[in-house]
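Protein chains in written order, with the UniProt record's numbering: chain X, 1 to 374; chain Y, 1 to 353; chain E, 1 to 325. Ideal Cβ positions, reconstructed from N, Cα and C, are used throughout, including at glycine. The structure appears right after this line, and notes come after that.
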Amino acid sequence: MSDNLTLPAQQGPADTTTPETLLEVEGLTKHFPIYGGFPIKRKVGAVQAVDGVDLTVGVGESVGLVGESGCGKSTTGRLITRLMEPTAGRITYAGQDITHASRKQLAPVRSEIQMIFQDPYSSLNPRQTVGSIIKAPMEVNGIEPAGGREKKVRELLELVGLNPEHYNRFPHEFSGGQRQRIGVARALALEPKLIVADEPVSALDVSIQAQVVNLLQEVQKELGIAFLFIAHDLAVVRHFSQRVAVMYLGKVVEVGDRDSIYNHPRHPYTHALLSAVPEIDLDGEGEARERIRLTGDVPSPISPPSGCRFRTRCWKAQDKCASEEPPLVKLSGSREGHLTACHFPEEPTLQGRAQDVVMDPALKALEGDGAGKD
Amino acid sequence: MTTLTKTEDASAPTGPESFLSVRDLKVTFSTEDGPVKAVDGLSFDVQRGKTLGIVGESGSGKSVTNLTILGLHSPRTTTVDGEIVMDGKELITASEKELEQLRGNKMAMIFQDPLTALSPFYTVGRQLSEPFMKHRGASKKEAKDRAIEMLTKVGIPQPKTRFDDYPHQFSGGMRQRAMIAMALMCDPDLLIADEPTTALDVTVQAQILDLLKDLQQEFGSAIIFITHDLGVISQMADDLLVMYAGRAVERGSAREVMSTPKHPYTWGLLSSMPRLDSNLDEALEPIPGAPPSLLTPPDGCRFHPRCAYTDLVPGNQCSTTRPPLGDGRASACHLTAEQKQTLFIDKIQPRLR
Amino acid sequence: MLQFIIRRTLGAVVTLFLIGAATFFLFVAAPSDYASLACGKDCSPQRLADIREALGLNLPVAQQFWDFMTGIFMGRDFPTGHCSAPCLGQSFYSGEMVWSTIMDRFPLTLTLTVGGSIVFLVVGIGAGMLAAFRRGSFVDKFATGASMVLSSFQIYFLGPIVLVILVYSTGLMEDPKYVPLTQDPVGWFVGMSIPVCVMATIFTAQYTRMARSSMIEQLAEEHVRTARAKGMSKKYVFFRYAWRGSLIPIVTVFGIDFSAMLGGAVVTELTFSLQGIGRLAVNGATTKDLPLTMGVMLVGAFFILIVNILTDIAYAFIDPRVRLS
């Protein structure tokens, strides 16, 4: 499983293990216009939430999409499920271009692409029973499964680890984790081929999170459903996804198989992200990981930096980074299918460095210039 | 069913230098559905210049405990029992006036969401200056100088101009920095940080955590750091208290608790959490069920309905008797020390590597 | 800010024009007009035609509308005399110029509105805040209970009771009447005190409840807790942090109430037999007096639009996050 995601020009001879492509996204863009001006309001700018994202998801494959808030990962999910209309780019699902498909054209596809939302409290209608919530997608799409809809719902409830007897209960009678299971059951009702899960576990407590992650993993493996798993938690994504794309300010900066991204990242931002994850010190021996501390927050997507968008926070940035946007390509030394958009990539290792990268001025001042603390 | 140290209240179990000591704290909210025992017999100590981490899930009572230390619980609906002694001063019985003198001065707090925790109506500078003027009797000018000094220290660029900005003009990370600066204005001895990085992105979180650590070295404050994130707490805490359903279930140095946890709930937390270095062939091991309602908490050990090891305890102790939490390195569980050790080595540890 | 005001003022002019047009054409579309009412029972077609011609109703509707609207800016000439801008036409019924009629009645309406507002804002917000500050205390229970009872009263119920007690049975006060402030300040105050207070009482009850709940909501805000955690006193936090946020819903509702009252407090005027703008509106509608109705409508709409703009500006002053554009 490797090179099903790459620039079109680079598509080499297909690996035999490469899964058939289910979803292909090219140059996907979403700009939210900003209005202002005087005396008549007009479009004065745009929030470039998603700006040219390329991505593929194979049949039965789980792809992780990670990034910090404002990187456009959720918008990407909503564009793919066509809950939002893309500004530009192309979405191809099972060979069919659905970028601007009308409601009617979309109908057969809608049932095959489902979504699971972050907040298990607001994404379930409090006035409907669990039964009718899960049944609704079948009704809307006029699907009558063998044995009737109710029987199907009870099967689904059982599948997601809930008691089928709870058919007539209301969402408020369930805990957060159970509600998320209801959300999963609803997504499964139409036997989808692709599920876009937008932060499906981040609202849950740690002990409950694992329950839902495991459930999704079973669903993915046993039913062979492809997943686009959108999350900010790198550890959860690592657990769930075979392939991972890292987004920054509306662009994919690095994508590759799990091992490449988590153990041999090339993009400085991926390095910074991984190094920022606070790790449990299980053996009590401290760590030999690199320490990278960026400065400030992610810049505004209204006027993103020119060239490479990460350059304003990057320790390797040079003039070229401002003038020239790095293409998302395979770098020498990277594995097949591991693409990075960087002019000056890092070494593919996470080992601690001779000197920590500390960009933050306050930390620099407190720790003494340049010198690493530990 | 009292847990511990009722008899030796005065002398703290972890030594004489403990700066804050909480003994048998009970916090009960009266609600329409009945009393909620949010905190039920909690004891712990914080030492000068050290960080105590309190880890637990939502509803474990960790935030309530710390609002109670500051005396910020609603007196109308809350009853508080037990003892909270800070630097020789009993806080539960202290008057509102006395508490006002301490808050923001000797003890300060950093809240989870800096967007809602800072007033939208006043400039950051004004909000920073207020406690300094109140507690130090400083003039507006002096307070401004101090505020700019602190803003510089926490890494706000152009602090002189940012002084006059409103919180909504700051980014999320900058707001939390301003919040930290505000808490440190009067150089407090105790800093309570309630999930200070939960609302932040991971790269910003890393900056803020390091900043807190570095500032602690400079200011020497004791910190109570509350979080649900085991990774964060592992980075931050010297000592650790694991809370479940209003009670402490395990205590020890952070290193001990992480490397040789003794309570089944701690085991559950550790093995349900995905890590960057965990073995991917091993599925996560969630804790079954959900945390109990504190309106009708289970008898005995509150964790027993979700615990896999109750069969190993003779009789039905787990469901009848509250397991005591001893002094120092301890866990509140009826399993014997040998059982805990064998279970951990045989069942839990292999999962964590 | 200036841009905002200019843009909103332009918008208001357009809105006023549309309101005027809607009123005018709806009125004309009604099955009977003033002429047929004035013509009486044994109305000959000739007489009807004469009346219509005298009132200008024989002209095309668009022409009538155009004359009316241009008159506002340029003034108009009527057979009875010149009507200078702003001219809202001549009342069919009384033959008086509508503008001067409205200007005659306006001081009374203004007295009711401003006087009432001062009373209910001060008393209502004060009581509501006190109740919130001492939540659960006797003061709170009393304020909540009283406002509950009073807000279920109506002016036409409370008004006569007060009149009976203070005027008719004890003779402590005289019947309410309006004396211009410039003529006799004491008489103005005494004459209007009963209507103002009765009207304000009903509003006070509403504002007490609103201020209390809004304040309690604000006190639960996290930034209020932060301020307490800094060691600021309860009082300080109450008046500096919570109060400001609680103003926003109050300003919103007050804007609506204030502009509605300026457009005429019909029930109050009727209850106390006062001649304000509200009365004019009722008269205009019942007698099919087109110019009068148009005049009252436009003046009322004008106030609503102005107060709307002022409310938005007030938001920006209260909350720095609000940007006017």
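Your pair E199 (chain X) and Q118 (chain X) checks out as a contact, with CB atoms roughly 4 Å apart and the cut at 8 Å. Contact of S331 (chain Y) with chain X is not assigned, every C-beta pair being separated by 8 Å or more. A Cβ of chain X is located within less than 8 Å of the beta carbon of S58 (chain Y). By the 16-neighbour rule on beta-carbons within 10 angstroms, M97 (chain E) is buried. Closer than 8 Å to the CB of V36 (chain Y) there is not a single CB belonging to chain X. Look at Y121 (chain X) here: in three-state DSSP terms it is coil, with no helix or strand label. Contact residues of the stretch 286 to 297 of chain X toward chain Y are R293, L294, G296, D297 (C-beta to C-beta distance below 7 Å). According to DSSP, I223 (chain Y) shares a beta bridge with Y:T51, Y:L191. The C-alpha of V246 (chain X) lies about 24 Å from the C-alpha of E282 (chain Y). Residue pairing by DSSP places P33 (chain X) opposite X:A46 in a beta bridge. Distances from the CA of L276 (chain Y) to each of X:S241, X:T295, X:C308 were compared; the closest alpha carbon is that of X:S241. Close to M109 (chain Y), with beta-carbon spacing below 8 Å, are these residues of chain E in chain order: T226, A229. The contact set of T116 (chain Y) on chain E, defined by CB atoms closer than 8 Å, consists of E221, E222, H223 in chain order. If you check each beta-carbon in the stretch 243 to 265 of chain E against every beta-carbon of chain Y, the ones closer than 9 Å belong to R244, G245.
Under DSSP, H338 (chain X) shares a beta bridge with no residue. In the DSSP annotation of this structure, the continuous segment of the alpha helix (DSSP H) that includes F157 (chain E) starts and ends at 155 to 163.
Within the stretch 270 to 297 of chain E, the complete alpha helix (DSSP H) segments at least 4 residues long are 277 to 286, listed from N- to C-terminus. Distances from the alpha-carbon of H100 (chain X) to those of X:A107, X:V160, X:P108, X:R90 put X:R90 closest.
Rounded to the nearest whole angstrom, the CA to CA distance from F120 (chain E) to F238 (chain E) is 21 Å.
Against chain E, the beta carbon of F121 (chain Y) has neighbours under 8 Å at Y241, R244, G245, I318, D319, P320, listed in chain order.
By the neighbour-count definition (other C-beta atoms within 10 Å, threshold 16), N105 (chain Y) is a buried residue. Between the stretch 256 to 270 of chain E and the stretch 109 to 129 of chain E, the count of C-beta pairs closer than 8 Å reaches three or more; the two stretches touch.
Here G352 (chain X) carries a coil assignment [DSSP, helix/strand/coil]. Nearest C-alpha to F27 (chain E) among E:K235, E:D312, E:P291, E:R225: E:P291.
Listed along chain E, the residues sitting closer than 8 Å to D113 (chain Y) by beta-carbon distance are E222. Taking 8 Å as the CB threshold, G136 (chain E) lines the interface with chain Y. Here M182 (chain Y) is not bridged, per DSSP, to any residue. Residue state for C314 (chain X) is assigned as coil, using DSSP reduced to three classes. Residue contact with chain X for M258 (chain Y): present (Cβ-Cβ distance below 8 Å to some residue of chain X).
Residues of chain X whose Cβ lies closer than 7 Å to the Cβ of T203 (chain Y) are, in chain order, E68, A272, L273, A276, L294.
For H232 (chain X), a Cβ of chain Y is located within less than 8 Å of the residue's own Cβ.
One finds L366 in chain X with Cβ atoms closer than 9 Å to the Cβ of E218 (chain Y), taken in chain order. Under the 10 Å beta carbon count, Y168 (chain E) is surrounded by fewer than 16 other beta carbons and is classified as exposed. With a threshold of 8 Å between beta carbons, E254 (chain X) makes no contact with chain Y. The three-state reading of DSSP puts A199 (chain Y) in coil, since its state is none of H, G, I, E or B. According to the DSSP secondary-structure assignment, T21 (chain X) is paired through a beta bridge with X:G58.
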